[in-house]
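Residue numbers (the numbering used here): 607 to 740.
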């Protein structure tokens with residue numbers, strides 16, 4: 607298991623620097639390239655001359671801690687999430703209406719982002735790319 611591996615001889619470190627993450631070396635570097643499996647499951651060929659740190663990044667329970675109040679979330683820079691239906695029409699396509707009126711925004715309209723792009727339709731999902739070295 608490794609982390610912080612170079613992708614090429616003149617490149618920066620790879621992105622296995624998150625807490626508790628690691629990459630596995632699948633094929634020994636007998637030739638010029640070494641096969642490495644990244645945390646997302648993508649297998650990548652990297653130069654066998656590149657450096658890597660052996661081990662796992664510490665603090666694996668980093669994402670399991672509970673935030674006890676809203677202020678702790680704000681200290682981390684997270685803003686509150688406001689529904690589009692609760693906004694004014696100038697702020698969101700779903701906004702406006704009297705009280706909890708659904709006819710003003712979401713009823714009879716396609717779900718939209720604040721910028722008017724359709725959501726929940728699958729068109730904006732990117733296809734998976736093969737991450738192998740060419």
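Glycine included, every Cβ here is placed at the ideal spot set by N, Cα and C.
The three-state reading of DSSP puts residue 692 in helix, counting H, G and I together. For the set 645, 635 and 706, the Cα lying nearest the Cα of residue 663 is the one of 645. With a cutoff of 8 Å on beta-carbon distance, residue 649 and residue 643 are scored as near each other. Relative to the Cα of residue 685, the nearest Cα in the group 668, 691 and 677 belongs to 677. Spatial neighbours of residue 695 in its own chain (CB-CB distance under 7 Å, excluding positions within 5 residues in sequence) are listed in chain order as 701 and 702.
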